[in-house]
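K.L.:
Protein chains: 2
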Amino acid sequence: MTNQSSAAALPPDTRTRILDLAETLLLERGFNAFSYQHLAKELGVKPAAIHYHYPSKDDLGTALVTRQLRRLRKWRDLPRVADLKPEEQFEALLAVYDNHLGHERRVCLFGALAADFRTLPPAMQSELRTFNRELTEWLAQVLAVGRATGGLRYMGSPAAKAAQVLTTLAGALQVARVHDETPFQVIVGQLRLELLA
Amino acid sequence: MTNQSSAAALPPDTRTRILDLAETLLLERGFNAFSYQHLAKELGVKPAAIHYHYPSKDDLGTALVTRQLRRLRKWRDLPRVADLKPEEQFEALLAVYDNHLGHERRVCLFGALAADFRTLPPAMQSELRTFNRELTEWLAQVLAVGRATGGLRYMGSPAAKAAQVLTTLAGALQVARVHDETPFQVIVGQLRLELLA
DNA sequence: CTACTTACTTACCAGTTAGTAAGTTTTTTC
DNA sequence: GAAAAAACTTACTAACTGGTAAGTAAGTAG
Chain A
1 MTNQSSAAAL PPDTRTRILD LAETLLLERG FNAFSYQHLA KELGVKPAAI HYHYPSKDDL
61 GTALVTRQLR RLRKWRDLPR VADLKPEEQF EALLAVYDNH LGHERRVCLF GALAADFRTL
121 PPAMQSELRT FNRELTEWLA QVLAVGRATG GLRYMGSPAA KAAQVLTTLA GALQVARVHD
181 ETPFQVIVGQ LRLELLA
Chain B
198 MTNQSSAAAL PPDTRTRILD LAETLLLERG FNAFSYQHLA KELGVKPAAI HYHYPSKDDL
258 GTALVTRQLR RLRKWRDLPR VADLKPEEQF EALLAVYDNH LGHERRVCLF GALAADFRTL
318 PPAMQSELRT FNRELTEWLA QVLAVGRATG GLRYMGSPAA KAAQVLTTLA GALQVARVHD
378 ETPFQVIVGQ LRLELLA
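From first to last, the protein sequence lines stand for chains A and B.
For reference, each letter of the first sequence is one residue, going 1 to 197 in our numbering.
For reference, each letter of the second sequence is one residue, going 198 to 394 in our numbering.
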């Protein structure tokens with residue numbers, strides 16, 4: 001049996017190490033910017049070893065998105081997230097993006113894949129759509145409750161505001177990559193100013 | 198002499214046709230998703246002909262961004278744009294993004310290049326930074342005047358709001374690519390609702 | 001102890017990549 | 001109309017791409 005998720009930090013198997021490295025490269029340099037050779041060299045294995053775990057790059061890419069989707073669902077349902085007040089849930093979301101910034105200014109999954117979307121394998125496209133839809137629906141719910149309970153303020157529908165906010169956050173990480181961390185902080189500051197009642 | 202900009206629609210020379218096609222492919226499929234062979238085949242010339250006009254792909258990419266920057270400056274200074282009221286200038290900006298949407302849901306230049314930014318040649322990086330900076334400064338000015346004259350409303354500084362709005366627009370085109378036109382319209386609708394007094 | 005499975009390596013492959021050097025045709029200049 | 005410059009084509013490379021087939025070493029199950 002593989003060692004995919006048990007509690008403590010067991011030494012990750014090759015399968016996981018491949019996925020971790022591919023994720024890093026995806027979020028720091030883009031999907032078309034790494035090859036099986038790159039991965040193999042850095043992991044100290046032969047390219048064919050990667051094909052053994054992920055027969056094609058499509059499979060690898062799809063596994064990447066699928067894992068992120070699994071993480072999103074897990075995070076969203078975590079008691080320490082699900083039980084927060086809406087305005088705190090919003091702050092928790094911002095913390096996730098801030099964390100990306102802290103890791104070599106990684107963009108988010110969506111921002112990494114959107115531009116090349118049409119060149120991606122269908123399974124990846126489909127998973128990414130689901131990822132974005134579920135995240136948006138979650139935030140819409142947070143915003144709806146937040147306005148009802150008075151902790152958050154905004155015009156328009158929760159769904160529209162959620163789409164706008166997430167789009168802004170994805171873009172903000174991209175701007176941080178092109179310039180530096182400052183514009184990200186400015187944009188997030190603006191979001192807080194407008195939303196927090 | 199080359200035929201780069203004269204008034205009417207002269208038949209575009211190869212140099213321009215290369216740039217036009219490369220731009221289309223960049224905005225519709227991403228920078229790493231096309232090669233000199235692709236360009237050559239579709240233009241009915243040999244790959245070496247492209248190397249003749251743009252010795253390396255770096256040169257081609259840089260020429261692409263440089264042209265966009267030139268267009269931005271030209272557009273911004275056009276009487277039919279510069280002489281508008283701020284709220285109309287904002288609408289003119291939205292029209293540009295809406296036009297991208299209408300052309301096969303192209304993303305904007307920034308959105309096309311941000312994810313792979315670190316893999317781009319330095320000259321391209323630098324030009325893209327300038328492009329984004331000048332656009333942001335222009336919008337900040339529009340927003341500042343717009344609030345002073347009462348046509349636009351928002352919290353915070355013009356610079357912060359400008360960064361936020363442009364980031365949102367870039368992201369909105371990416372979301373449109375991943376899903377469909379609907380989320381773009383929703384997000385732009387939200388921007389209008391909030392900004393137009 | 002044997003059979004089987006897992007996780008690889010070695011050795012390929014055909015196709016594509018960006019890029020170059022040398023020659024040829026077309027256009028411009030004088 | 002000759003010389004020169006511009007705009008190509010032909011022919012080639014070396015490196016890399018994702019991917020496959022066959023072999024092997026180590027662990028696991030009965």
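Yeah, the Cβ is synthetic: ideal placement off N, Cα and C, and Gly gets one too.
Return helix, strand or coil for LEU275 of chain B, following the three-state DSSP convention.
P.N.:
The answer is coil: DSSP assigns LEU275 of chain B none of H, G, I, E or B.
K.L.:
In this structure, what does DSSP give as the bridge partners for LEU196 of chain A?
P.N.:
In DSSP, LEU196 of chain A forms a bridge with A:LEU152.
K.L.:
Buried or exposed: which applies to GLN286 of chain B, given that a residue is buried once 16 or more other Cβ atoms fall within 10 Å of its Cβ?
P.N.:
Buried.
K.L.:
Quick one, are the C-beta atoms of VAL96 of chain A and GLN174 of chain A less than 7 Å apart?
P.N.:
Not a contact, by the Cβ cut-off of 7 Å.
K.L.:
Can you tell me the Cα-Cα spacing of LEU39 of chain A and LEU25 of chain A, whole angstroms?
P.N.:
Using only the alpha carbons, I get a separation of about 9 Å.
K.L.:
Report the three-state DSSP secondary structure of LEU120 of chain A (helix, strand or coil).
P.N.:
Looking at LEU120 of chain A - three-state DSSP - the assignment turns out to be coil, as it is neither helix nor strand.
K.L.:
Pull out every residue of the region 296-327 of chain B whose Cβ sits closer than 8 Å to any Cβ of chain A, in chain order.
P.N.:
Listed by position along the chain: VAL304, PHE307, GLY308, ALA309, LEU310, ALA311, ALA312, ASP313, PHE314, ARG315, THR316, GLN322, LEU325 and ARG326.
K.L.:
Considering only residues of the same chain and omitting the five flanking positions on each side of ARG15 of chain A, which have a CB-CB separation below 6 Å?
P.N.:
Same-chain partners within the cutoff: HIS53.
K.L.:
Does any C-beta atom of chain A lie closer than 7 Å to the C-beta of THR262 of chain B?
P.N.:
Note that residue 262 of chain B is Val in the sequence shown, not Thr. No, because no Cβ of chain A sits closer than 7 Å to the Cβ of VAL262 of chain B.
K.L.:
So which residues of chain A does LEU390 of chain B contact, with C-beta pairs closer than 7 Å?
P.N.:
Within chain A, the residues near LEU390 of chain B are MET155 and GLY156.
K.L.:
Could one say the Cβ of PRO283 of chain B lies closer than 7 Å to chain A's Cβ atoms, at least one of them?
P.N.:
Not one chain A Cβ lies under 7 Å of PRO283 of chain B.
K.L.:
Would ALA197 of chain A be called buried (16 or more neighbouring beta carbons within 10 Å of its own) or exposed?
P.N.:
Counting Cβ neighbours within 10 Å, ALA197 of chain A comes out exposed, since fewer than 16 surround it.
K.L.:
At least one CB of chain B closer than 7 Å to the CB of GLY146 of chain A: is that the case?
P.N.:
Chain B, which has no Cβ nearer than 7 Å to the Cβ of GLY146 of chain A, makes this no.
K.L.:
Comparing C-alpha positions only, which one of B:THR346, B:LEU266 and B:LEU310 sits nearest to TRP176 of chain A?
P.N.:
Sequence check: residue 176 of chain A is Ala here, not Trp. Residue B:LEU310 is the option with its Cα nearest to ALA176 of chain A.
K.L.:
First and last residue of the alpha helix (DSSP H) that includes LEU281 of chain B?
P.N.:
Per DSSP, LEU281 of chain B belongs to no alpha helix (DSSP H) and is neither H nor E.
K.L.:
At the level of alpha carbons, what is the spacing between LEU332 of chain B and PRO55 of chain A?
P.N.:
Straight-line Cα distance between these residues: approximately 44 Å.
K.L.:
Decide if the region 55-66 of chain A is in contact with the region 118-126 of chain A; the criterion is three or more beta carbon pairs, one per stretch, under 8 Å apart.
P.N.:
Yes, since at least three Cβ pairs between the region 55-66 of chain A and the region 118-126 of chain A fall closer than 8 Å, the two stretches touch.
K.L.:
Tell me the DSSP secondary structure of PRO355 of chain B in three-state form.
P.N.:
DSSP places PRO355 of chain B in helix when its eight states are reduced to three.
K.L.:
Closer than 8 Å is the cut-off here; do at least three beta carbon pairs connect the region 123-133 of chain A with the region 188-197 of chain A?
P.N.:
Touching, no, given that fewer than three Cβ pairs across the two stretches are closer than 8 Å.
K.L.:
Count Cβ pairs between the region 62-80 of chain A and the region 329-348 of chain B that sit closer than 8 Å; are there 3 or more?
P.N.:
Cβ pair count under 8 Å is below three, so no.
K.L.:
Hey, would you say LEU349 of chain B sits closer than 7 Å to LEU390 of chain B, going by beta carbons?
P.N.:
No.
K.L.:
For LEU291 of chain B, which of B:ASP377, B:ALA369 and B:VAL375 has the nearest alpha-carbon?
P.N.:
Nearest C-alpha to LEU291 of chain B: B:ALA369.
K.L.:
Grab me the residues of LEU363 of chain B's own chain with a C-beta within less than 7 Å of its C-beta, minus the 5 sequence neighbours each way, in chain order.
P.N.:
For LEU363 of chain B, where only same-chain residues beyond five positions count, the Cβ hits under 7 Å are LEU332, THR333 and LEU336.
K.L.:
Any idea what DSSP makes of VAL96 of chain A, helix, strand or coil?
P.N.:
Helix, per DSSP.
K.L.:
To the nearest angstrom, report how far apart GLY241 of chain B and LEU218 of chain B are at their CA atoms.
P.N.:
Approximately 12 Å, taken between the alpha carbons.
K.L.:
Hey, how far is the Cα of LYS282 of chain B from the Cα of GLY156 of chain A?
P.N.:
So the alpha carbons of these two residues sit roughly 25 Å apart.
K.L.:
Could you check what DSSP says for GLU91 of chain A in three-state terms: helix, strand or coil?
P.N.:
Of the three classes helix, strand and coil, the one that applies to GLU91 of chain A here is helix, per DSSP.
K.L.:
Could you name the residues of chain A that GLY386 of chain B contacts, counting a contact when the two beta carbons are closer than 8 Å?
P.N.:
Near GLY386 of chain B (Cβ distances below 8 Å), the residues of chain A are GLY156 and ALA160.
K.L.:
Would you give the residue range spanned by the alpha helix (DSSP H) that GLY111 of chain A belongs to?
P.N.:
Here the alpha helix (DSSP H) through GLY111 of chain A covers 109-113.
K.L.:
Could you pull out every residue in the same chain whose Cβ sits closer than 8 Å to the Cβ of PHE328 of chain B, ignoring the five residues on either side in sequence?
P.N.:
Once the five neighbours on either side are set aside, the close Cβ partners of PHE328 of chain B are VAL262, GLN265, LEU266, LEU269, LEU306 and PHE307.
K.L.:
Give me, in chain order, the residues of the same chain whose beta-carbon lies closer than 7 Å to that of LEU366 of chain B; leave out the 5 immediate sequence neighbours on both sides.
P.N.:
Correct list, in chain order: TYR294.
K.L.:
Of the residues A:PHE184, A:GLN185, A:GLU181 and A:ALA163, which one's Cα is nearest the Cα of ALA376 of chain B?
P.N.:
The identity of residue 376 of chain B in the sequence shown is His, whereas the question assumes Ala. If we check each option's Cα against that of HIS376 of chain B, A:ALA163 comes out closest.
K.L.:
Do ALA312 of chain B and GLY61 of chain A count as a contact pair if the criterion is CB distance below 7 Å?
P.N.:
Their beta carbons are not under 7 Å apart, which means GLY61 of chain A does not touch ALA312 of chain B by this criterion.
K.L.:
For GLU28 of chain A, which residues in chain B fall below 8 Å Cβ to Cβ?
P.N.:
Result: ARG315.
K.L.:
Under 7 Å Cβ to Cβ from ALA260 of chain B, same chain only, skipping five residues before and after it: list those, please.
P.N.:
Once the five neighbours on either side are set aside, the close Cβ partners of ALA260 of chain B are LEU216 and TYR251.
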